[in-house]
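Quick note on UniProt numbering: the sequence shown kicks off at 1 and runs consecutively. Cβ coordinates follow ideal geometry from the N, Cα and C atoms, glycine included. See structure below.
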Amino acid sequence: MAEKLNLLGNYVNRTRRLQVQENRPIRTPIVLSIEYTSQEEALYKAILKLVRLKCRLNNQPFHVFQVMTLQLMAASCLPMLADRILHEDLNADDNLLQEAMGTELPEKNQQAISRDDILGLRHLVNYDFKKHDSKFNKLLELIHGKLRDEKIIIFSFYRSTLAYLRDRLSSAGERVTSIHGGIKTEDRWKEIDRFKDPAGPRILLASEVGSEGIDLQFCRVVVNYDLPWNPMRVEQRIGRIDRVGQKAKQLSIVNFKIQGTIEERLFEKLYQKLDQFSNSLGDLDAVIGEEIKKLTIDLLSDDLTPQQEVARIDQAGQVIENQAVRSGLGSSDH
């Protein structure tokens with residue numbers, strides 16, 4: 001009897017979801033494939049090598065997540081990272097890491113990256129990363145082309161990335177505003193009102209914390225300038241526009257795929273696998289969070305080949321997919 005009630009409950013939940021989803025807009029992905037310059041690739045690989053070395057020396061979860069900040073910086077914005085190397089400032093705020101990973105972190109007891117570590121990277125930043133920013137140049141091409149008539153929300157979990165984008169986009173002639181956790185709530189609302197005005201800024205730069213509790217359904221384009229390893233964070237970003245009151249029939253979701261990186265393999269093997277459950281990821285928050293923690297430690301604590309990375313990411317995706325099927329949130333192709 002209990003089993004029948006459970007099956008009935010799953011059926012009712014699925015029916016309710018389908019009813020809610022009937023009038024929801026279609027999410028259309030735009031994937032920007034990026035090929036790093038040789039200098040960009042060298043810096044990215046050096047960062048990954050340093051991160052893996054640190055994690056092999058100490059693979060305790062907090063240490064791995066703390067050191068991972070450096071990896072997230074590299075994937076977010078190389079010019080910003082190069083600037084922080086020059087200024088010897090690589091130990092980012094733990095709150096930003098917590099925001100990016102969607103996981104609670106214990107109290108910090110020491111700096112993850114030493115001054116010697118930073119000095120060992122200095123020879124790699126003797127290059128104009130701002131002028132030769134492959135990622136930003138691809139973004140600018142898109143917003144001046146296909147998205148030239150759209151209001152656009154660009155998400156990043158680093159304020160320094162948001163500041164970099166504001167400077168670059170403003171210099172390119174775009175009207176830009178921003179919201180993040182360092183801005184007072186009342187001031188965020190003022191910026192939202194400016195962005196909402198058809199004559200106001202065309203681009204809103206936002207962090208997850210800065211956009212919490214804010215409905216942006218008058219906009220239909222979200223750009224994920226960086227890709228959190230936890231898919232729940234991206235789903236929450238998209239949820240700012242994919243909500244009741246959205247009048248557009250189609251939403252454009254822009255992601256970057258940087259060739260030869262861990263993030264590319266995460267995007268191809270994890271994000272795309274979970275896309276079929278995009279409307280139900282909230283129900284999987286706990287299992288996703290736990291699996292991403294395990295995946296992060298495995299990917300960064302071992303010197304894996306690209307093929308081994310793919311296999312481990314695929315395994316994590318399968319665990320989450322199996323849980324979704326057991327919970328009645330989707331069906332497996334296997």
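{"Asked": "Could you pull the DSSP bridge partners for Val222 from this structure?", "Found": "Ile153, Ile253"}
{"Asked": "In chain order, what residues of the same chain lie with their CB nearer than 6 Å to the CB of Lys249, ignoring the 5 residues before and after it?", "Found": "Pro25"}
{"Asked": "Inspect the beta-carbon positions of Leu274 and Ile313 and report whether they are closer than 8 Å.", "Found": "no"}
{"Asked": "If I measure Cβ to Cβ from Arg52 and keep anything under 7 Å in the same chain, skipping five residues before and after, which residues do I get?", "Found": "Leu300, Asp303"}
{"Asked": "For Ile26, which of helix, strand or coil comes out of DSSP?", "Found": "strand"}
{"Asked": "So who's on the other strand from Thr177, going by DSSP bridges?", "Found": "Leu204"}
{"Asked": "Within 10 angstroms of its Cβ, does Leu147 collect 16 or more other Cβ (buried), or is it exposed?", "Found": "buried"}
{"Asked": "Check whether the region 250-260 touches the region 213-225, taking contact to mean three or more Cβ pairs, one atom from each stretch, closer than 8 Å.", "Found": "yes"}
{"Asked": "Under 8 Å by Cβ, that's how I've got Ile113 and Leu86 pegged, so tell me the actual separation to the nearest angstrom.", "Found": "Actually they do not touch by this definition, with Cβ atoms about 14 Å apart."}
{"Asked": "So if DSSP puts residue 386 in a beta bridge, which residue, or which two residues, is it bridged to?", "Found": "This structure leaves residue 386 out entirely; the chain is present only between 1 and 334."}
{"Asked": "Can you tell which of Asp117, Asp197, Gln246 has its C-alpha closest to the C-alpha of Ala46?", "Found": "Asp117"}
{"Asked": "Report, in whole angstroms, the separation of the C-beta atoms of Leu204 and Ile153, which I expect to be a contact under 8 Å.", "Found": "5 Å"}
{"Asked": "With DSSP as the reference, label Ala75 as helix, strand or coil.", "Found": "helix"}
{"Asked": "Look at the alpha carbon of Leu140 and the alpha carbon of Glu41, and state the distance between them as a whole number of angstroms.", "Found": "21 Å"}
{"Asked": "Are the CB atoms of Thr296 and Met68 nearer to each other than 8 Å?", "Found": "yes"}
{"Asked": "Between the alpha carbons of Val325 and Trp229, how many angstroms are there, rounded?", "Found": "22 Å"}
{"Asked": "List the whole-angstrom C-beta distance separating Gly210 from His180, where the pair is believed to meet the contact cut-off of C-beta under 8 Å.", "Found": "4 Å"}
{"Asked": "Please tell me whether His132 and Thr261 are closer than 8 Å, where the distance is taken between their beta carbons.", "Found": "no"}
{"Asked": "For Arg159, which option in Gly145, Lys151, Lys247, Ser178 has the closest C-alpha, if you only look at C-alpha atoms?", "Found": "Ser178"}
{"Asked": "Please say whether Ala82 and Val125 have beta carbons closer to each other than 8 Å?", "Found": "yes"}
{"Asked": "Report the rounded CA-to-CA distance for Asp94 versus Thr161, giving the unit in angstroms.", "Found": "Summary for Asp94: the model assigns pLDDT 47, below 50, so the residue's position carries little reliability; its value from the coordinates is reported in the next sentence. C-alpha separation (whole angstroms): 16 Å."}
{"Asked": "In whole angstroms, what is the alpha-carbon distance linking Phe218 and Arg202?", "Found": "12 Å"}
{"Asked": "Alpha carbon to alpha carbon, how far is Ala311 from Val64?", "Found": "20 Å"}
{"Asked": "Give the C-beta separation of Arg243 and Asp215 to the nearest angstrom, bearing in mind that I take them to be a contact with Cβ-Cβ under 8 Å.", "Found": "6 Å"}
{"Asked": "Could you give the residue range of the alpha helix (DSSP H) that holds Gln246?", "Found": "First-last for Gln246: undefined, no H or E at that position."}
{"Asked": "If Leu142 and Leu32 are in contact, beta carbons under 8 Å, what's the gap, nearest whole angstrom?", "Found": "7 Å"}
{"Asked": "Measuring straight from C-alpha to C-alpha, what distance separates Arg84 and Asp298?", "Found": "27 Å"}
{"Asked": "Per DSSP, what kind of secondary structure is Glu263 in: helix, strand or coil?", "Found": "helix"}
{"Asked": "Could you round the C-beta distance between Leu50 and Leu70 to whole angstroms and report it? I think they count as a contact, below 8 Å.", "Found": "7 Å"}
{"Asked": "Going by beta carbon distance, what residues of the same chain come within less than 8 Å of Lys269, once the five residues before and after it are set aside?", "Found": "Val310, Ile313, Asp314, Gly317"}
{"Asked": "Expressed to the nearest angstrom, what Euclidean distance is found between the alpha-carbon atoms of Glu208 and Gln307?", "Found": "32 Å"}
{"Asked": "Of the choices Cys77, Glu174, Leu165, Ile258, whose alpha-carbon is the least far from that of Ile145?", "Found": "Strictly speaking, residue 145 in this sequence is Gly, with Ile absent from that position. For Gly145, the nearest C-alpha among the options comes from Glu174."}
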